[in-house]
Structure formats: structure tokens, C-alpha cells
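Trainee: If you're matching them up, the sequences are chains E and H in order.
full-length UniProt numbering applies: residue 1 is where the first sequence begins, and numbers increase by one.
full-length UniProt numbering applies: residue 1 is where the second sequence begins, and numbers increase by one.
Don't be surprised by glycine CBs; every beta carbon is placed ideally from N, CA and C.
Following this message is one structure expressed as C-alpha cells.
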Amino acid sequence: MQEADLSRELSERVAEAARRGTPLRLVGGGTKAWYGRPVAAEPLALAGHRGVVDYQPSELVVRLRGGTRLVELEALLAAEGQWLACDPPRFGAETTVAGALAAGLAGPGRPYLGGLRDAVLGVTLINGRGEVVRLGGAVMKNVAGFDGFRPMVGALGSLGVILEVCLKVAPRPASRRALALALPREALAERAEAWWRAGLPLAGAAHDGERLRLCLAGSESAVDEAVATLGGDEEDPAYWSALRDQRLPFFRDPGAPLWRLLLPPGACPALPGEGLVEWGGRQWWWRGEAPAEAVFAEAARLGGQASRWRGGDPRAPVFAPLAPPLLALQRRLKAAFDPEGLFNPGIHYPEL
Amino acid sequence: MTATPQAEARMTAQFLQALAACLPAEGLVLDEAGRRAYECDALTLFRRLPGVVAIPEEIAQVQAILRLCDDYGVPVVARGAGTGLSGGALPHAEGVLLNLSRLDATLEIDPDRRLARVGAGVRNLAISQAAAPHGLYFAPDPSSQVASTLGGNIAENAGGVHCLKYGLTVNNVVAATLITIDGERLTLGSPLGEAPGLDLLALIHGSEGLLGVVVEAWVELLPLPRDKRVLLAGFAEVTDCAEAVAAIIAAGVVPAGLELMDRAAVVAVEAMVQQGWPCDLGALLICELDGSAAEVTAQSERVTALLKTHGADHLESATDPAEQARIWSVRKAAFPAIARLAPDTLVMDGSVPRRRLAAVLTRIIALAEAYGLRVFNTFHAGDGNIHPVILFDSRLEGELERAESLGQAILRLCVEEGGSITGEHGVGAEKVDAMCDQFSAAELRQFEAIKAAFDPRGLLNPGKLIPTLNRCAELGHLHVKDGRFPHPELPRF
């Protein structure tokens with residue numbers, strides 16, 4: 001694995017940007033550049049700051065530099081029979097750990113395995129004053145001070161440069177198998193919930209409009225038992241990494257914008273277009289031509305929320321609007337980390 | 001951030017009159033006897049009479065109170081059941097003690113979505129009790145769960161015996177209604193499991209009432225485990241027991257609970273609830289495993305083998321609930337059994353990497369000898385969260401001070417070993433000074449900036465959680481990073 005510690009150079013770059021009042025666009029692996037609102041600012045390359053700082057397999061903790069490639073980390077963990085215990089997507093081999101954390105995205109296992117939000121123990125950050133601050137730590141339980149590291153997950157880099165990340169890891173499931181069942185989409189939410197409550201080792205439950213698909217991960221005996229109970233057709237588990245990384249034909253289809261909708265399980269959006277649903281009915285990918293306002297309104301009607309994932313008018317909103325007092329508080333929190341508004345300005349909302 | 005002269009001047013007759021108008025008739029406590037009931041939380045060493053006590057019954061009343069305090073510049077300390085162990089709910093002498101325990105009317109279970117909408121004043125255990133008919137429960141289970149409230153659990157990011165497998169409060173709450181100091185009502189997070197923008201929901205967990213007042217939350221419920229087994233193992237040496245803990249974690253088994261008691265604690269418990277253990281037992285380990293029957297059996301075999309490899313010479317395995325309850329009663333008896341051995345006890349709380357547990361315990365024993373005090377250990381070993389209990393007698397000249405210095409030394413040891421000054425009890429009023437050991441000046445300034453983003457005038461629970469840089473300099477407990485002195489801007493004495 002390549003190693004390089006660029007903390008000093010990066011802190012100096014940030015301090016310099018703070019002096020000049022020059023906003024920065026944080027660039028990791030560049031595999032999610034399309035996500036969020038466009039940021040017009042000087043790029044700050046972070047992928048070179050990489051390598052594992054400390055990995056204690058017996059402690060189930062890894063501390064690494066933000067630019068470490070996610071696939072490299074996973075290979076390192078796999079060599080010790082471990083994994084991240086969650087399945088953040090990578091839209092290319094260059095996806096970095098800090099980028100995955102900043103995006104806060106989760107793969108098909110989210111309802112069953114949790115996400116990076118649950119795995120992060122600490123973050124070392126360069127804040128907008130150019131200071132290096134260590135938030136959280138490397139232990140399982142730590143309630144000293146504010147958990148300032150937690151909002152880094154999903155902040156899209158707007159709070160600072162993630163220099164180091166400390167993550168919980170877990171023993172890798174011994175077995176992983178995939179099934180396809182001839183059941184209608186309406187059955188997904190209820191069935192998946194019932195299977196999970198019955199103790200089946202689910203790591204994914206989706207419906208592509210044709211068949212209900214399941215990913216099972218756990219001990220060999222538990223997975224085998226689930227496969228025997230469920231029936232259906234066994235298929236290549238590679239389906240699930242393709243779904244996670246959006247390499248399925250559904251995602252390749254060009255043209256209409258792609259939306260991500262979080263809905264109460266069982267709800268189905270009444271929108272023009274076609275959908276693929278996962279997370280046991282909670283997360284929808286929806287491709288269709290509808291004005292942003294109509295998609296946000298439909299999601300809200302169903303008690304859910306929408307975000308524009310890819311495509312569509314780049315000037316249109318990406319995320320559902322926030323209540324004004326909440327947006328104001330988010331702005332103040334950003335300013336607490338980044339008083340000059342240096343990092344990825346406007347990536348969530350024009351005002352943030 | 002102690003009481004400023006301004007704050008004193010602002011809790012005027014006019015303010016009290018306006019406060020009374022925000023509350024139901026019984027909701028305002030002015031008389032000294034009534035206020036006395038709130039002078040401390042479960043950390044009884046710290047006591048202060050609150051200026052006034054307010055007991056709202058509705059969210060709108062909380063909004064009105066906070067707005068009023070903001071207008072008048074009066075400090076507010078929120079309190080749930082008062083079971084906190086770090087003085088987080090220690091009142092402000094010239095401020096409002098906001099008792100939220102009557103926000104307990106809301107407890108709605110959505111069994112299909114496995115969610116519950118819960119008022120901040122609802123007791124932790126009441127959530128699981130309401131969910132039980134649906135085969136569900138709320139996973140965080142601090143030892144105070146019979147009394148402690150959800151609002152307090154969120155403020156402290158409470159853990160408990162089972163957080164090793166099921167996470168802390170923050171991992172089990174999906175949304176919260178926060179009232180800000182200016183009375184604004186905000187929804188953080190969402191029952192959908194995430195919300196757009198910055199994750200303020202995660203940030204308010206463990207923020208000890210410094211950022212706002214949580215009045216309601218949506219929590220996730222889990223299916224009750226289908227099968228459960230409790231193992232009890234006795235060891236001749238506490239270090240072997242600690243090594244067994246590290247080995248179980250390293251083997252990739254995630255027990256639902258993994259609790260350690262050292263020799264002193266075992267002797268204390270045996271004296272109170274006779275279990276007939278061999279009297280030369282150096283340490284006890286309790287390990288709870290849950291999941292499907294097959295998983296539990298497989299894990300139980302694995303753990304039993306590891307326990308034997310590490311020298312366990314007394315093993316019990318309980319499959320039926322009554323036997324399991326008996327084993328857990330041993331752990332639950334530990335603090336009371338220890339407490340009756342001395343006039344006073346100080347329960348510490350720190351956290352260390354699990355592979356360092358044996359070394360940490362050895363160092364604590366040495367420290368206790370050096371300070372001439374007895375220390376008992378009974379704690380959440382699986383997540384490296386130690387709770388040394390220091391025995392002392394405050395009637396003896398200087399012994400309280402000695403106990404407190406030993407406590408501080410143990411916390412510094414935790415930081416040196418790569419851990420934290422608090423694993424689950426919080427910083428509160430007790431550990432403000434110890435924060436100087438763990439954080440640099442820039443980090444403390446970052447905490448202050450976060451605080452100011454929510455509460456620019458510092459009215460919410462002032463004086464807790466974050467030490468001033470001057471205080472750290474006075475103490476000389478400065479966190480030195482990379483060999484550099486962290487507070488070059490401050491004068492040294």
C-alpha cells in the first residue's frame with residue numbers, strides 16, 4: 001500500500017487559503033464529483049495523503065489517512081479475515097476512505113449492517129482556521145467533549161479536510177450468497193422485515209421490478225439454512241456489489257435524471273419513469289422526467305424525502321429544502337468549523 | 001463560565017413572574033425545601049441549590065421558558081431523572097433548573113416500522129416495556145434504565161451492558177425534536193434514518209445539555225433476541241481474565257455483554273450474595289451471547305474454548321432465564337456490595353483499548369497502593385470501559401482529596417493508554433478539569449465554537465463539559481501533542 005503523510009502541506013494550503021479568502025473544492029478520488037451542487041472553487045487534491053497509520057486486528061480498529069483507497073483498505077482487512085461491517089459504495093477504484101465518509105452513502109446492507117456513521121470512532125480534521133484537531137478517538141466508548149467527528153459523515157467535505165479516520169471493523173462473514181425469488185414488488189417490505197425478524201442473515205433486500213433479490217451474509221450454517229428455507233434461484237453475489245456501485249444496467253441507462261428517494265417501507269412513488277427499490281423497501285432509485293419540485297413534493301406526500309442523484313438541471317436543487325431555522329443553525333455550525341466558508345461552499349444548499 | 005454578575009441581576013422578580021406564566025401552577029418551585037430536591041444528580045459530592053426549578057408538561061412550555069431565559073440572559077440546566085454520574089445536571093445558583101421528567105406522556109410504538117416516538121421524560125425501560133408486546137425492545141440499557149429518561153440518555157449518549165453489540169444511544173435514535181435557546185423547535189434527523197444537510201442529530205448526542213433541549217425523539221426498536229446464553233468464568237488472575245476479554249474480541253465474537261469483576265469486587269459480592277465460589281477467585285467474567293440458537297451454540301463453544309485457554313478454572317453456562325438472571329444479579333450486586341465496605345465511594349469511568357486492559361488494571365492496582373486507598377474494579381470489559389471504584393472515608397482528614405487525586409491519576413492513565421477520560425458517564429461538572437489532559441487548545445476552541453453556534457451567550461448548562469483555556473493552564477494539566485507545548489499563548493505560573 002502506498003503511504004504518504006501530507007498533513008503539513010495540506011494544513012499550510014488551508015491556512016494560506018484562509019489568509020487569501022480563497023474557497024477550496026476538496027477532491028479525493030474524484031469518483032463522486034457529480035454528487036451535490038457544483039462547487040466553483042480551487043481544487044485541493046487529497047488522494048495523495050494516504051496509508052494506514054495503525055491497524056490492530058485484535059482490537060478491531062483501524063486508523064488511516066483519508067486518501068487511502070477504500071478498495072485497498074478492504075483488501076488489508078480481508079487479509080486478516082475482517083471487513084468494515086458496512087458496505088459504502090465505490091464508484092471507482094480511486095474512491096478514498098475520507099470521500100466515502102464525507103459522502104456518508106451506504107450500500108444495500110444499510111438497514112441490516114448499519115453505515116459508516118455507526119463505524120466511525122474518530123476523525124482528525126484540518127478546520128477552516130488551518131488547525132489540526134483530533135475529534136473522537138480510537139476506543140469504543142468515548143463521551144469526552146462534543147462528538148464533533150460524527151457530523152463529518154455526510155457533510156460532503158463542508159466542515160474541513162479529513163486527515164485521518166479511525167474506524168471500527170468486524171470479522172468478515174464466512175459465507176455470502178444471493179437469491180432471486182419470483183415475488184412481486186409489493187411483497188418486498190413485508191417479507192424482508194419478516195425474514196429479518198426471523199433471524200435470517202440479510203445483507204440486502206431489493207426488487208428490480210421483476211424479481212425480489214436477497215443477499216445473505218453470515219456464518220456458513222446460518223446462510224445455508226436461510227437459502228434452504230427461502231428457495232428461489234441462487235445467483236452470483238456479484239449482483240450485490242454491482243447494485244452497491246451502480247453498475248447494473250438500470251443505472252447505466254442514460255437520459256432522464258436519476259433520483260434517490262427514502263420512503264417508509266411499502267410506499268411506492270407515483271411519478272413518471274421506472275424504479276429499483278432496495279433497503280427492504282426504504283430506498284428507491286427512480287429514473288424519470290419530472291420537475292424537481294414534483295419529486296420533492298411526492299416524496300414528502302409519502303412521508304419520505306428525495307434527492308437528485310445524477311442528471312437533470314444542474315441549477316435545480318439536489319437536496320430537499322430545509323426549514324429556515326434549521327438551515328440557519330446548519331450555517332452557524334459550518335461557520336464553527338469553517339469561519340471563512342472555505343470548504344466546498346454551497347455543496348448542500350446555496351446558503352450553506 | 002460561572003455565574004456572571006449580569007446573570008444574577010437578570011433573574012428578577014419580573015423574570016420569575018414571566019416564568020410562572022409559562023408553567024402550570026405546580027410547575028414552578030421557588031421555596032428552598034422544594035429546590036433542595038434538585039441540588040445534585042447521582043454525583044452527590046457536587047451540590048448547589050438551583051435559583052428556581054421549572055417543571056414543564058408540554059413542549060410549548062419548554063419553548064416559552066427557553067425564550068424567556070434567552071431574553072433575560074438567565075442560565076438553564078436541563079435535567080431528566082437526575083441519575084447522571086458526572087454532575088451534568090448540577091444546578092446553576094442563579095439559573096433555572098429545567099426538570100423535563102413530566103414530558104412523559106408521549107410513547108407511541110409503530111411496530112411495523114420498528115420505531116417509537118417518545119417524550120424526553122419517558123424512562124428508558126418504559127420504552128422496552130411498551131415495545132415488548134410486539135416482540136421488540138430499545139437496545140440502549142444503561143444501568144440506570146429503570147429511572148433514567150430518554151432525554152438524559154441522549155444528552156449523555158448512554159451506553160450500557162449491551163452497547164458492545166447494539167451500539168450507543170446515538171446508534172439507536174433516528175430523529176429528535178430540539179428546542180434551541182431562542183425557543184425555536186427543530187426536527188433533527190428523520191424517522192427515515194437520515195436527513196439532508198449536516199448531521200446535527202449525531203452531534204447533540206452526548207452534548208450534555210449545552211446545545212439545546214431535546215423534548216422528544218424517534219427511536220429504533222430491535223426484535224427481541226431469539227436465543228440467549230450467559231457464561232460465567234472464574235480466573236485466578238485478573239490479568240488472565242483481561243487477556244481472555246481481548247482474545248474473545250480478537251476471535252471476532254461480538255458478545256451482547258462482556259463484564260469483568262476483579263478479586264476485590266468478587267469478594268465483596270460473595271460476602272453479600274453467597275454463590276459458593278472458590279475463595280481464591282482472582283476475577284470473574286460474565287459473557288452474554290445472543291442470536292439464533294445455532295449462532296449462540298457456535299459462539300458459546302468458541303468462547304468456552306478461549307476461556308479455558310486463558311486459564312478459566314470455574315465455568316458456568318446458563319441457558320434458562322432464571323439461571324441467567326442469577327448470574328446477572330451478581331454483576332448488579334457489585335456496586336451495592338462494594339459501597340457497603342466503606343463510608344464513601346467514588347465511581348470512576350474511563351475507556352481504554354481492549355488489548356491494554358490487563359496492563360491498565362495492573363497500573364491501577366499500583367496507583368491504589370501508592371495512594372493508600374482500596375480500588376475495586378467491575379466494568380464493561382468488552383468495550384474497554386472501566387469503572388474503578390475508589391473506597392474512602394470523607395470523615396478522615398484529607399481522604400476525599402486523596403481519593404479525588406487518585407481518580408484524576410486513573411483518568412490520566414486512560415489518556416496515556418490511548419483512551420478517554422469518560423466512556424459513558426460524561427464530563428459534566430466532575431471532569432471538566434480532566435478535559436485538559438485529553439484535548440489540545442485548538443480542540444477545546446473547536447468545542448467552544450460548536451457551543452457558540454447553538455448557544456452564543458453560553459446560557460445552556462454553563463460551566464460543564466468544556467474547560468476554559470485559562471483553567472487548563474492553571475491546572476498545569478495540558479495535553480502535549482507531538483512534544484509541543486499546546487498553549488503557547490497562555491502565561492505560565
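Report the CB separation of H:Phe392 from H:Asp344 in whole angstroms; it is logged as a contact under 8 Å.
Mentor: Indeed they touch by this definition, with Cβ atoms about 5 Å apart.
Trainee: If you draw a straight line from the C-alpha of H:Thr304 to the C-alpha of H:Ser317, how long is it?
Mentor: If you take the alpha carbons of H:Thr304 and H:Ser317, they lie about 9 Å apart.
Trainee: In whole angstroms, what is the alpha-carbon distance linking H:Glu474 and E:Ala316?
Mentor: The alpha-carbon atoms of H:Glu474 and E:Ala316 are separated by roughly 54 Å.
Trainee: Could you work out which residues of chain E lie near H:Met435, taking near to mean beta carbons separated by less than 8 Å?
Mentor: By Cβ distance, chain E contributes Ala144 and Gly145.
Trainee: What are the residues in the segment 154–167 of chain H lying within 8 Å of chain E by C-beta distance?
Mentor: Flagged, chain order: Glu156, Asn157, Gly159, Cys163, Leu164 and Gly167.
Trainee: If we require 3 or more residues per run, which beta strand (DSSP E) segments fall completely within the segment 198–239 of chain E?
Mentor: For the segment 198–239 of chain E, whole beta strand (DSSP E) runs of length 3 or above, ordered along the chain, are 202–207, 212–218 and 233–235.
Trainee: Between the alpha carbons of H:Leu413 and H:Val360, how many angstroms are there, rounded?
Mentor: Taking the straight line from one Cα to the other gives about 8 Å.
Trainee: Taking 6 Å as the cut-off, does the CB of H:Trp218 come closer than this to any heavy atom belonging to the ligand SAH?
Mentor: Annotation note on the ligand SAH: not contained in the displayed structure, which lists no ligands.
Trainee: So with CB distances below 9 Å, who are the chain E contacts of H:Pro217?
Mentor: One detail in the question is off: residue 217 of chain H reads as Ala in this sequence, not Pro. The contacting residues do not exist; H:Ala217 stays about 16 Å from chain E at best.
Trainee: For a cutoff of 7 Å on Cβ pairs, would you count E:Gln330 as touching chain H?
Mentor: It does; some Cβ of chain H falls within 7 Å.
Trainee: Quick check on H:Leu30: buried or exposed, where buried means 16 or more other Cβ atoms within 10 Å of its Cβ?
Mentor: Per the 10 Å Cβ criterion, exposed.
Trainee: Could you tell me the alpha carbon to alpha carbon distance between H:Pro278 and H:Pro225, rounded to whole angstroms?
Mentor: Cα to Cα, H:Pro278 sits roughly 33 Å from H:Pro225.
Trainee: Going by DSSP, what residue range makes up the beta strand (DSSP E) through E:Asp313?
Mentor: First-last for E:Asp313: undefined, no H or E at that position.
Trainee: Which same chain residues end up closer than 6 Å to H:Tyr72 when comparing Cβ atoms and leaving out the 5 residues on each side of it in sequence?
Mentor: So the list reads Arg10 and Phe15, once near-sequence residues are dropped.
Trainee: What's the call for H:Val173, buried or exposed, on a 16-neighbour Cβ count within 10 Å?
Mentor: Classification of H:Val173: buried, given that the 10 Å Cβ count is 16 or more.
Trainee: Excluding five sequence neighbours on each side, which residues of the same chain lie with their C-beta closer than 8 Å to the C-beta of E:Arg19?
Mentor: No residues qualify anywhere along the chain.
Trainee: Candidates H:Val230, H:Leu164, H:Ala60 and H:Leu258: which alpha carbon is nearest H:Leu323's?
Mentor: Looking at the sequence provided, one finds Glu at residue 323 of chain H rather than Leu. Of H:Val230, H:Leu164, H:Ala60 and H:Leu258, the residue nearest in Cα terms is H:Val230.
Trainee: State yes or no: is the beta carbon of E:Lys32 nearer than 7 Å to at least one beta carbon in chain H?
Mentor: No, E:Lys32 lies away from the interface with chain H (no Cβ there is under 7 Å from its Cβ).
Trainee: Quick one: list the residues of chain B neighbouring E:Asp313, beta-carbon separation under 8 Å, in chain order.
Mentor: Among the chains of the structure shown, chain B does not appear; the protein chains present are E and H.
Trainee: Within the segment 111–184 of chain H, note down every full beta strand (DSSP E) run reaching 3 residues or more, in order along the chain.
Mentor: As far as the segment 111–184 of chain H is concerned, its whole beta strand (DSSP E) runs of at least 3 residues are 115–119 and 173–179.
Trainee: Taking beta-carbon pairs under 7 Å, can you tell me which members of the segment 437–449 of chain H lie near chain E?
Mentor: So the list reads Gln438, Phe439, Ala442, Glu443, Gln446, Phe447 and Ala449, given in the order they occur along the chain.
Trainee: Given a threshold of 16 other Cβ atoms within 10 Å of its Cβ, counted over all protein chains shown, does H:Asn461 qualify as buried or as exposed?
Mentor: That one is buried.
Trainee: From this set, H:Gly183, H:Gly197 and H:Asp182, which residue's C-alpha is nearest H:Gly189's C-alpha?
Mentor: Ranking the options by Cα distance to H:Gly189, first place goes to H:Gly197.
Trainee: What separation, rounded to the nearest whole angstrom, lies between the Cα atoms of H:Glu489 and E:Asn142?
Mentor: Because H:Glu489 sits at a pLDDT of 39, beneath the cut-off of 50, its placement in the model cannot be relied upon, and the following sentence gives the value as read from the coordinates. H:Glu489 and E:Asn142: Cα-Cα distance of roughly 28 Å.
Trainee: From the DSSP secondary-structure annotation, give me the bridge partner or partners of E:Gly275.
Mentor: In DSSP, E:Gly275 forms a bridge with E:Trp286.
Trainee: So what does DSSP say about residue 356 of chain E, is it helix, strand or coil?
Mentor: Residue coverage of chain E in this structure runs from 1 to 352, which leaves residue 356 of chain E outside it and unanswerable.
Trainee: Spell out whether any CB of chain E is found under 7 Å from the CB atom of H:Val245.
Mentor: No - not a single Cβ of chain E is within 7 Å of the one on H:Val245.
Trainee: Distance check for H:Val266 and H:Gly282, CA to CA, integer angstroms please.
Mentor: Between H:Gly282 and H:Val266, the C-alpha separation is close to 8 Å.
Trainee: Tell me, please, which residues DSSP counts as bridged to E:Ala170.
Mentor: E:Ala170 is bridged to E:Trp83.
Trainee: For H:Leu192, tell me which candidate among E:Pro57, E:Ala33, E:Asp87 and E:Leu263 has the shortest Cα-Cα distance.
Mentor: Looking at the Cα atoms, E:Leu263 is the closest of the given residues.
Trainee: List the DSSP bridge partners of H:Lys228.
Mentor: DSSP, once it has assigned bridges, lists H:Asp290 as partnering H:Lys228.
Trainee: Just confirm the distance between the C-beta atoms of H:Gly209 and H:Ala176, as a whole number of angstroms; I'd bet it's less than 8 Å.
Mentor: Contact doesn't hold; Cβ gap of about 13 Å is too wide.
Trainee: With a threshold of 7 Å between beta carbons, is E:Gly130 in contact with chain H?
Mentor: No, E:Gly130 does not count as interfacial toward chain H.
Trainee: Alpha carbon to alpha carbon, how far is E:Ile126 from E:Leu261? Give it in angstroms, no decimals.
Mentor: Computed Cα separation, rounded: 33 Å.
Trainee: Could you tell me which of H:Cys436, H:Leu367, H:Leu211 and H:Arg395 sits nearest to H:Ser405, measuring between CA atoms?
Mentor: Of the listed residues, the one whose Cα sits closest to H:Ser405 is H:Leu367.
Trainee: Does the segment 70–90 of chain E touch the segment 373–387 of chain H, meaning 3 or more C-beta pairs lie closer than 8 Å?
Mentor: With the cut-off at 8 Å, the segment 373–387 of chain H and the segment 70–90 of chain E do not touch.
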